[in-house]
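My numbering numbers the first residue of the sequence shown as 1077 and each following residue consecutively.
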Amino acid sequence: MGNTSASTTGAAVSTPPRPFIRVFPVPKNNRGHAFSNIDDILAHLQGEPTGHWLVGSNGMWHGGIHITDATTPWCALSGKAPQEVMEYPVPGKGEQAIRCMADGEVVAYRINRDYLTLPWESGDLFYSSSFVLVRHHIQPGQTVASSLTFYTLYMHLAPWSAYPEESTAYKVADGQHLKAYVDDTLQWTATTLKPGTRVNWNKSDPAAQMTARGRRYAHVSLVEGITDKMNLNAGDLLWVVCDNGNLLPDHNGPERPAWWSNLLPPAKETMQFDTVVCPTPYPIRSGDAIGHLGYYQAPKDGGYNGRYQVHIECFTTDDLPRFLSNSEYVERDKPAFGKYPAGIPLYMKNSVNAIYQSQLTTHQDGIFPLNGSQHTEDNQVTYWQAGASRGYLAESDLKLLSRYDLAERGFETVEASPRSFDHLDGKNQPAGLVRHIFQMLFNASSKDPRTSHAQVKHNYQRLLDKIDSGEPRYSAQEYRRAVQNPDYIDHLQHLCVKHPGDWYCTSDDPVWQAFFTTLLKKEAPEWYSYGIRFLNATRWMDQVPDMSRTPWHMHPLVFLDAISTSKKRGWAHSPFA
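This is how it looks when you write it as structure tokens:
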């Protein structure tokens, strides 16, 4: 991933750009098949009842997304809590793991030994404060002026106790041919273990592994005999390399988090439980297992709602607007997208395939990916087919964009200084972030050519007028639905917000003090007590170096997909709808 400590304000240092490949955090089914593109996974997650981007179902700030068993049960892993067993008589088997979304390095974690509990009126509620924080670095251009260091967070992961005791059964990974040595001097090769060869290895025994020649080696015993240079019997001991996925668990249980292996013996920095740990950063690769959805009981009046979930965030403390502007003009000579305004001519082909200008024009602004789009040449002019229409757009009418022209591609920034984390309390009109969102969606709906959506802009104007009036009462649910309008959700997902982090601020911070009021303590003491305790138990950010109280938050799926060098589909509506 490059040098994550590089300063973006120092001298320009020429470094060859490296590919940046994203992996979606969950697969589309229990067989591990990947979502084909960003649209597919976003459509899949539309079924999530909680954890929506920027403003949650409770009206509170939410700088990430939730993935739960409501949409992705194959990533749920059941533990042994009695209430969990009662609520989920068919346990989650953890058939698929949550995956690391990009190459990076583990810089902080907290692993719960078992689920934690907090008192509630209906009894103790279970939750997990387990998390892992991964640092990433991208530098698409030749100098650090084009770089960005950012983080992905995976929160509420299943605890240590949810995983069965680690088996000693392993097998040689596909494509691997491992030299097997007679003893720890590594001087005499007994045989070469072929893919699928089964061995036993007690990974927890420090004596069963060593570091030599810059590699890690495991002391394994054969499950079955081998006839080769030497006749080897079942049970014979050999030394083989084991540091790059060479040996894989040979069982049908859930896959353990890959990043745990660096915290087990004989590692110098071994795993610690139930505390925030900042280890010496070590690498993790895109697609590595992060963990599984953890069990979570969300309180409600008279009871709780149980689910399995992970909370995923993407944030940076760097100068995000600079990065989005592509100030180094990276790949302007290799455009990846075409951008056009409303009202430009639409060209057609006649019966002899000659291009002519039709009477039609584009109805709205739009962006489309050049890769995969049909184009044709006529009289030394290039014409591009955008969307599902038969029509073409002249390249001279387009603004050709680099993959890294992210601001031009629709990413927008806003700095929020909220009075409270509760953006929609039904009492105080939301003059900050929510108003900005309504203005953004008013602008988008005003350009929408669909007659079926002609009244939408008037509704947003009504809400803007209501906010500006300062009326003391409003429907928080109406405002929330307007924020999460599915017809314009792509605009919301491209909004990057500089906002206080709820994992950073203590209950004494003004943005929490505005929520944990004396009135709340008097009228809803259970909610007040639970909220304070939950906040204190889950906070971590101020204990990690280089964190900020007010980072930039980016949609974890949409942002990583936009900067990935893998193929993807565009996000804009068709201009001809």
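All residues carry an ideal CB built from backbone N, CA and C; glycine is no exception.
Spatial neighbours of residue i in its chain, beta-carbon cut-off 8 Å, leaving aside the 5 residues before and after
i       : result
HIS1120 : LYS1104, PHE1111, THR1147, THR1148
GLY1467 : LEU1422, TYR1423, MET1424, SER1434, LEU1436, GLN1461, PHE1652
GLU1124 : ILE1141, HIS1142, ILE1143, THR1144, ALA1146, THR1147
PRO1632 : PRO1101, GLY1140, ILE1141, MET1177, THR1228, ILE1388, GLU1389, CYS1390
HIS1138 : GLY1127, HIS1128, TRP1129, LEU1130, VAL1131, GLY1132
Start-to-end residues for the alpha helix (DSSP H) that takes in residue i
i       : result
GLN1569 : 1565–1569
ARG1557 : 1552–1559
ILE1513 : 1509–1522
ASN1535 : 1532–1545
LYS1598 : 1594–1599
VAL1161 : 1158–1163
VAL1258 : Per DSSP, VAL1258 belongs to no alpha helix (DSSP H) and is neither H nor E.
VAL1275 : Looking at the DSSP string, VAL1275 is not in any alpha helix (DSSP H); the run it does join, the beta strand (DSSP E), is 1274–1276.
PRO1586 : 1586–1589
Backbone CA spacing between residue i and residue j [nearest angstrom]
i       : j       : result
PRO1548 : ASP1578 : 26 Å
PRO1355 : PRO1101 : 23 Å
ASN1519 : SER1449 : 28 Å
TYR1185 : VAL1352 : 6 Å
ALA1310 : THR1273 : 12 Å
LEU1611 : SER1583 : 7 Å
MET1347 : GLY1414 : 49 Å
MET1617 : VAL1275 : 42 Å
ILE1639 : TRP1129 : 19 Å
ASP1115 : ASP1566 : 10 Å
GLN1619 : ILE1443 : 42 Å
GLY1367 : LYS1574 : 28 Å
ALA1492 : PRO1586 : 14 Å
LYS1503 : SER1551 : 9 Å
CYS1572 : ALA1590 : 24 Å
TRP1264 : ILE1097 : 40 Å
GLN1515 : TYR1536 : 7 Å
ILE1214 : THR1225 : 7 Å
ALA1189 : PHE1349 : A quick correction: the sequence has Arg, not Ala, at residue 1189. Taking the straight line from one Cα to the other gives about 6 Å.
LEU1476 : LYS1410 : 9 Å
TYR1191 : GLY1508 : 37 Å
GLN1531 : TRP1236 : 52 Å
ALA1261 : ALA1245 : Here residue 1261 is Thr; the residue named in the question, Ala, does not match the sequence. Cα to Cα, THR1261 sits roughly 25 Å from ALA1245.
ASN1307 : LEU1298 : 12 Å
TYR1606 : TRP1196 : 7 Å
GLU1300 : ASP1312 : 9 Å
LYS1644 : ARG1398 : Model confidence at LYS1644 stands at a pLDDT of 35, short of 50, so the residue's coordinates are unreliable; what they give is reported in the following sentence. Answer to the nearest angstrom: the Cα atoms are 24 Å apart.
MET1162 : LYS1156 : 10 Å
GLY1217 : HIS1529 : 41 Å
THR1287 : GLY1108 : 33 Å
GLU1407 : TYR1480 : 7 Å
ILE1117 : ALA1249 : 29 Å
Same chain, Cβ closer than 6 Å to residue i, five either side skipped, listed in chain order
i       : result
GLY1419 : THR1437
TYR1564 : LEU1517, ALA1520
ASP1364 : CYS1176, ALA1334
SER1624 : THR1393
GLY1170 : LEU1153, PRO1330, HIS1368
GLY1370 : SER1204, HIS1232, LEU1233, ALA1234
ASN1079 : Legend: pLDDT at ASN1079 = 40, less than 50; position of this residue unreliable, value from coordinates given subsequently. Contacts found: none.
Span of the beta strand (DSSP E), counted from its first residue to its last, around residue i
i       : result
GLY1442 : 1442–1445
HIS1120 : Note, HIS1120: premise wrong, no beta strand (DSSP E); alpha helix (DSSP H) at 1114–1120.
GLY1269 : Here residue 1269 is Leu; the residue named in the question, Gly, does not match the sequence. Its beta strand (DSSP E) spans residues 1265–1269.
ALA1288 : 1285–1288
TRP1664 : Residue 1664 falls outside the range modelled here, since the chain spans only 1077 to 1653, and no answer is possible.
MET1630 : 1628–1630
TRP1335 : No beta strand (DSSP E) holds TRP1335; DSSP gives it neither H nor E.
VAL1182 : 1180–1186
VAL1490 : 1488–1491
THR1193 : 1192–1194
Spatial neighbours of residue i in its chain, beta-carbon cut-off 7 Å, leaving aside the 5 residues before and after
i       : result
ALA1284 : TRP1277, ASN1278, ALA1294, HIS1295
ASP1304 : THR1267
ARG1609 : LEU1194
ASN1381 : ALA1374
*Quick one: any contact between the region 1226–1241 and the region 1208–1216, if contact means 3 or more CB pairs under 8 Å?*
yes
_3-residue-minimum beta strand (DSSP E) runs that sit fully inside the region 1202–1244, ordered along the chain_ = 1207–1214, 1224–1231
*Taking only runs of the beta strand (DSSP E) that begin and end inside the region 1376–1455, which ones reach a length of at least 3 residues, in chain order?*
1379–1392, 1413–1416, 1421–1425, 1431–1437, 1442–1445, 1451–1454
*Evaluate the contact criterion for the region 1244–1263 versus the region 1323–1330: three or more CB pairs, one atom per stretch, below 8 Å.*
yes
_Meets three-Cβ-pair contact criterion under 8 Å: the region 1359–1377 and the region 1584–1598_ = no
_Inter-stretch contact at 8 Å, needing at least 3 Cβ pairs: the region 1395–1411 / the region 1364–1384_ = no
_My parser needs the beta strand (DSSP E) runs of 3 or more residues fully inside the region 1126–1151; what are they?_
1140–1144
*Could you name each continuous beta strand (DSSP E) segment of 3 residues or more that falls completely within the region 1288–1365, going from the start of the chain to the end?*
1291–1298, 1313–1317, 1323–1325, 1358–1360
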